[in-house]
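Protein chains: 2
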Amino acid sequence: MSIKIILADDHAMLRHGLSKSFQNEKDIEVVGQAKDGRTTVELARELSPNVIIMDIGMPDLNGIEATRQIIKECPKVKIIALSMHSSKNFIIEMFKAGAAGYLLKDCEFDELVNAIRLVMTNKTYISPAISDVVVDNYMRQPANAKESAFSILSQREREVLQLLTEGKATKQIGKRLHISAKTVEVHRLNLMNKLKIDNIAQLTKYAVQEGLTRPEP
Amino acid sequence: MSIKIILADDHAMLRHGLSKSFQNEKDIEVVGQAKDGRTTVELARELSPNVIIMDIGMPDLNGIEATRQIIKECPKVKIIALSMHSSKNFIIEMFKAGAAGYLLKDCEFDELVNAIRLVMTNKTYISPAISDVVVDNYMRQPANAKESAFSILSQREREVLQLLTEGKATKQIGKRLHISAKTVEVHRLNLMNKLKIDNIAQLTKYAVQEGLTRPEP
DNA sequence: CCCCAATTAAGTATTTCCCTTATTTTAAGT
DNA sequence: ACTTAAAATAAGGGAAATACTTAATTGGGG
């Protein structure tokens, strides 16, 4: 029986290319693709894959949040981050969210295949290209004391923050999250109080810096 | 008679250091310092300096706008850009705004001194570190066809855009620019229509990409 | 089992936004 | 110099969003 995987990345080109490449691997089957985090969460529920290849910078719901939510629902699913970013924050948060592996996008395809087979044996795969960052983090834990969005804000607040900083109106956010616009308002108010920011402009810059949303308009 | 210069940079540390360094140059006198573009414009009016050393990334009013305004009022003033950015857009727009020189911040102090003395003879100084960018621009003009904020928006609109994306409220912007809040509203509406963006979040990302405001919250 | 934080939601007063209209300046073209 | 266009200024008014308050419900952790 083959390994069922889902590809989550906002670039169709990359998904298509990977999908083609996986056709040569007889024990791996691409059962689904998603261009944003929210779709990925839904597909994970419907298709019950073994592995998800997850980009971090995606619209609507970023890869870290998506991972958090998927792992909460189905802890057996193995999620491998495939990201452009080698910055400490992303790597650490991705593993905190429950990822089973982390690779950079400029790695070889074979490395990804190896990683997939490895995580299927309940092991964790850390790409050599980023292993030093992970080690470094354990070496000087106290230096990493500054609280980031991931620790101060609740999950819902982070979701609202991302949609807010992607230009969505309160109403739209309510619809997307299936909650009242009034609730979204409260989340917005609370998160802005926590961050001590009282305008969307600075909030957007903050979210970009934290990697919760992407810098492109 | 010595050359009177103004230092415009938001980092007090840099201003202080430069100021100290200039004490060794007997023919150069630092007559004023400013931490933002708007203050620089005022100082330029009051102190009538010969040269202004101008950073680009400054709050309230960025270096490019400040240059535009100062040159409009006093075309004799020589403005030398001292920037971290070596990207084409900044360099081109700075010269369009009327700058007499452009240096990167990691150049030698002596290069800056040379540049100051050179522009005083009505020559233009382009740092070797960026000269290729300038040449490159003339080589393939048509490639540079995509319109940036500097070309589509009016000066007032760019000013409003910067303040808006720095988190200022309409009222505050009106006060700062000495115009009615209603007028600011119109400028905001017009610029958003021109850019085809209808929310502050995306507008902020756009302004950051165009260098009109800084990425830090 | 109780408590705290998170999530949900509504009411209301205030503010902002959107659109239209209009006058005055400034810039540009011929 | 004269005409036109664009930019900058501003007000009015209804629609919409926001700030702030209050509160019910839920879900773990001690």
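Chains as they are written, first to last, in this note's numbering: chain L, 1 to 217; chain U, 1001 to 1217. For glycine and all other residues, C-beta sits at the position ideal for the given N, C-alpha and C.
task: Could you tell me the distance, in whole angstroms, from the CA atom of L:S2 to the CA atom of L:P128?
output: In the first sequence, counting from the first residue as 1, residue 2 of chain L sits at position 2. In the first sequence, counting from the first residue as 1, residue 128 of chain L sits at position 128. So the alpha carbons of these two residues sit roughly 27 Å apart.
Rounded distance between the beta-carbons of U:G1057 and U:A1081, thought under 8 Å: Within the second sequence, numbered from 1, the residue matching residue 1081 of chain U stands at position 81. Within the second sequence, numbered from 1, the residue matching residue 1057 of chain U stands at position 57. Between U:G1057 and U:A1081 the Cβ distance is about 11 Å, and since that is not below 8 Å, they are no contact.
Counted within 10 angstroms of its Cβ, other Cβ atoms place U:A1143 as buried (16 or more) or exposed: Within the second sequence, residue 1143 of chain U is the residue found at index 143, counting from 1. Low confidence applies here, because U:A1143 scores a pLDDT of 33, under 50, leaving its location unreliable; read the following figure in that light. A residue is called buried once 16 or more other Cβ atoms fall within 10 Å of its Cβ, and U:A1143, having fewer, is exposed.
- prompt: Helix, strand or coil: how does DSSP classify L:N144 here?
  reply: Here residue 144 of chain L corresponds to residue number 144 of the first sequence, with the count starting at 1. Any answer about L:N144 is weak, because its pLDDT of 37 lies below 50 and its placement is not dependable; what the coordinates show is given next. Collapsing the DSSP output to three states places L:N144 in a helix.
- prompt: Taking C-alpha atoms, which residue in L:K194, L:R117, L:G174 lies nearest to L:D27?
  reply: Residue 27 of chain L sits at position 27 when you count from the first residue of the first sequence. The shortest Cα separation from L:D27 among L:K194, L:R117, L:G174 belongs to L:R117.
message: Can you tell me whether L:V77 is helix, strand or coil according to DSSP?
response: Translated into positions along the first sequence, residue 77 of chain L becomes position 77. Looking at L:V77 - three-state DSSP - the assignment turns out to be coil, as it is neither helix nor strand.
- prompt: Going by alpha carbons, who is nearest to U:R1068 out of U:Q1033, U:K1096, U:K1123?
  reply: Counting from one through the second sequence, the residue named residue 1068 of chain U turns up at place 68. Check the Cα spacing between U:R1068 and each of U:Q1033, U:K1096, U:K1123: the tightest is with U:K1096.
message: I want to know whether the region 1190-1203 of chain U touches the region 199-210 of chain L - three or more CB-CB distances under 8 Å.
response: Yes, the region 1190-1203 of chain U touches the region 199-210 of chain L.
message: For L:Q162, report the span of its alpha helix (DSSP H) as first-last.
response: In the first sequence, the residue the question calls residue 162 of chain L occupies position 162. Boundaries of the alpha helix (DSSP H) around L:Q162: 155-164.
message: Tell me the DSSP secondary structure of L:A1 in three-state form.
response: Taking the first residue of the first sequence as position 1, residue 1 of chain L is located at position 1. For the record, residue 1 of chain L in the displayed sequence is Met; it is not Ala. Look at L:M1 here: in three-state DSSP terms it is coil, with no helix or strand label.
- prompt: Going along chain U, which residues have a C-beta under 8 Å from L:L164?
  reply: Position 164 of the first sequence holds residue 164 of chain L. Residues of chain U passing the Cβ test: A1201.
task: Pull out every residue of the region 152-185 of chain L whose Cβ sits closer than 9 Å to any Cβ of chain U, in chain order.
output: Residues passing the 9 Å Cβ filter: L164, T165, E166, G167, K168, A169.
- prompt: Buried or exposed: L:F90, going by 16 or more other Cβ atoms within 10 Å of its Cβ?
  reply: Start at 1 with the first residue of the first sequence, and residue 90 of chain L comes out as number 90. In the assembly as shown, L:F90 is a buried residue. Its beta-carbon has 16 or more other beta-carbons within 10 Å.
task: Report yes if the C-beta distance between U:L1189 and U:L1161 is below 8 Å; otherwise report no.
output: Indexing the second sequence from 1 puts residue 1189 of chain U at position 189. Indexing the second sequence from 1 puts residue 1161 of chain U at position 161. The answer is no: Cβ separation not under 8 Å.
- request: Could you confirm whether any beta carbon from chain U is found closer than 8 Å to the beta carbon of L:V30?
  value: Walking along the first sequence from the start, residue 30 of chain L turns up at place 30. Closer than 8 Å: no.
- prompt: Considering only C-alpha positions, which residue in the set U:P1217, U:E1065, U:E1210 is nearest to L:Q209?
  reply: Stepping through the first sequence from its first residue, residue 209 of chain L is reached at position 209. Nearest option by C-alpha distance: U:P1217.
- prompt: If we cut at 8 Å on Cβ distances, does L:P217 have a partner in chain U?
  reply: Within the first sequence, the letter at position 217 stands for residue 217 of chain L. At least one chain U Cβ lies under 8 Å of L:P217.
- request: Measure how close the beta-carbons of L:I6 and L:L47 come, nearest whole angstrom, since I'm counting them as under 8 Å.
  value: Indexing the first sequence from 1 puts residue 6 of chain L at position 6. Indexing the first sequence from 1 puts residue 47 of chain L at position 47. Correct: roughly 7 Å between the Cβ atoms.
- prompt: Which chain U residues sit within Cβ distance under 8 Å of L:Q209?
  reply: Counted from its first residue, the first sequence places residue 209 of chain L at position 209. Correct list: P1215, E1216, P1217.
query: How should U:L1075 be labelled, buried or exposed, when 16 other C-beta atoms within 10 angstroms of its C-beta is the threshold for buried?
result: In the second sequence, the residue the question calls residue 1075 of chain U occupies position 75. The displayed chain sequence assigns Pro, not Leu, to residue 1075 of chain U. Around the beta carbon of U:P1075, a 10 Å sphere encloses fewer than 16 other beta carbons of the protein chains shown; the residue is thus reported as exposed.
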